[in-house]
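For the sequence shown, this note's numbering begins at 17 and goes up steadily by one. Ideal placement from N, C-alpha and C gives every residue a C-beta, glycine not left out. All remarks here apply to the structure that follows.
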Amino acid sequence: MAGIDDRWAAQVVKGAGSLGVELDPGATGLLATYAGELLAWNRKCNLTAITDPMEVAEKHMVDALAVVPYIPQGARLLDIGSGGGFPGIPARIMDASLSVTLVDAVRKKVSFLKHVARTLKLSGVEAIHARAEELSGEEGRGESYDVVTSRAFSAMDIFVPMALPFLKPGGRIIAMKGKGFEEDLEKLKACEADFAARGISLSTEMIRYELPFSGSRRALFIITVA
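Take a look at the structure:
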């Protein structure tokens with residue numbers, strides 16, 4: 017794939033390092049292959065509006081890696097609204113001990129996710145065509161995941177109630193948000209108040225960061241049941 021070259025790889029390594037994530041050559045190579053497949057499939061599947069390879073490096077690969085330090089080793093992870101596979105696939109690339117379930121309601125996107133998992137030879141990855149709210153009632157899904165993630169998926173007052181039924185006791189929700197995350201914080205506060213009225217106490221940590229080359233502002237919301 018044109019543009020996925022040594023310069024691209026160096027950009028990803030540098031960007032990840034700025035977020036405290038160290039990439040080895042094996043992981044960098046897998047991310048490069050992943051990016052090439054993303055752009056190739058994007059021509060028919062509308063996986064991303066970002067098509068410049070260097071922007072893909074920063075705004076998809078590096079950004080997704082920001083979640084890595086907050087996912088425990090050996091975790092069972094559910095990525096809701098996975099789309100092109102972010103952050104679930106980069107997280108699995110970085111940690112082979114993870115068991116990752118990627119969920120999306122668009123069949124073509126799920127086909128891509130299955131293709132990428134095969135192409136990269138990522139064991140412990142499954143891609144499911146479903147709506148998350150319909151999945152939690154299936155055997156082996158409810159209260160079964162250590163971490164539930166999403167990236168730019170939906171408003172917090174929608175995502176948190178959707179994610180909670182999947183969490184094991186002591187598990188965490190990690191929502192990745194872009195510009196306008198202050199509005200997400202307000203919706204999360206309203207969501208916390210609603211759960212508190214039902215006797216469920218949520219604890220939230222917000223971690224702000226910037227993408228290293230564009231300076232775009234981002235935030236991680238890490239939510240646990242207190």
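Beta-bridge pairing by DSSP links R167 to M192. If you ignore the 5 residues before and after W57, its C-beta comes within less than 7 Å of the C-beta of L63 and F128, all in its own chain and listed in chain order.
When DSSP states are grouped into helix, strand and coil, V84 belongs to the helix group. E155 has no beta-bridge partner at all, per DSSP. Its Cα nearest to that of A191, the residue S98 stands out among A32, S98, E149 and L151. The alpha carbon of A212 has as its nearest neighbour, out of I238, F197 and P177, the alpha carbon of P177.
The Cβ-Cβ distance between V126 and A143 falls below 8 Å. Residue nearest to V119 within the set H145, I105 and R134 is H145 (criterion: CA-CA distance). Given a length threshold of 3 residues, each whole run of the beta strand (DSSP E) inside the stretch 111-151 is given here in chain order: 115-120 and 141-145.
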